[in-house]
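Q: I have a structure here, written as structure tokens, and I will follow up with some questions on it.
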Amino acid sequence: MIVAILKDKRSIIKSIKLRIRNNFNVSVSEINNYDLWKNTTLGIACIGNEKRYLNGVLNEVIKFIEHQNKLQLINFKITIL
Numbered sequence: 000m001i002v003a004i005l006k007d008k009r010s011i012i013k014s015i016k017l018r019i020r021n022n023f024n025v026s027v028s029e030i031n032n033y034d035l036w037k038n039t040t041l042g043i044a045c046i047g048n049e050k051r052y053l054n055g056v057l058n059e060v061i062k063f064i065e066h067q068n069k070l071q072l073i074n075f076k077i078t079i080l
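Residue 31 in numbering that gives the first Met the number 0 sits at position 32 of the sequence shown, and the numbers go up by one each step.
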């Protein structure tokens, strides 16, 4: 993520979280690195009764994040319970 100050980061993250929520009907929260201006960790959760559906939604979220100009996806992990 290319931002100069923490305030810019928070603005960008807030916008991305809102767009993810609205586009994919999932829950999104910043769960780590709150005070680091270069990095953050987002937790994204969705509920469903089919593993295929859940994987599809989460993979679409990943694609969405990858196509954001102000973000760089470093790593992700999908866990289905």
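Built from N, CA and C at the ideal position, the CB exists for glycine as well.
1) According to the Cβ coordinates, are Asn54 and Ile19 closer than 8 Å?
2) Specify the secondary structure class of Met0 as computed by DSSP and reduced to three states.
3) From the DSSP output, which residues share a beta bridge with Thr40?
4) Quick one: using the 10 Å Cβ neighbour count with 16 as the cut-off for buried, is His66 buried or exposed?
5) Relative to the C-alpha of Lys8, which residue among Thr39, Gly47, Ile64 is closest?
6) Beta-carbon separation of Ile30 and Leu17 under 8 Å?
7) Could you check the C-alpha separation between Lys6 and Phe63 for me, to the nearest Å?
A: By the coordinates alone:
1) With respect to the 8 Å criterion, Asn54 and Ile19 are not classified as neighbours on the basis of their beta carbons.
2) The predicted position of Met0 is uncertain, since its pLDDT is 48 and thus under 50; a value taken from the coordinates is nonetheless stated next. Per DSSP, reduced to three states, the secondary structure at Met0 is coil, with no helix or strand assignment.
3) For Thr40, which the question treats as bridged, DSSP gives the partners Asn31.
4) By the neighbour-count rule (16 or more Cβ atoms within 10 Å), His66 is not buried but exposed.
5) If you compare the alpha carbons of Thr39, Gly47, Ile64 with that of Lys8, the shortest gap goes to Thr39.
6) Not in contact: Ile30 and Leu17 (Cβ atoms no closer than 8 Å).
7) Using only the alpha carbons, I get a separation of about 23 Å.
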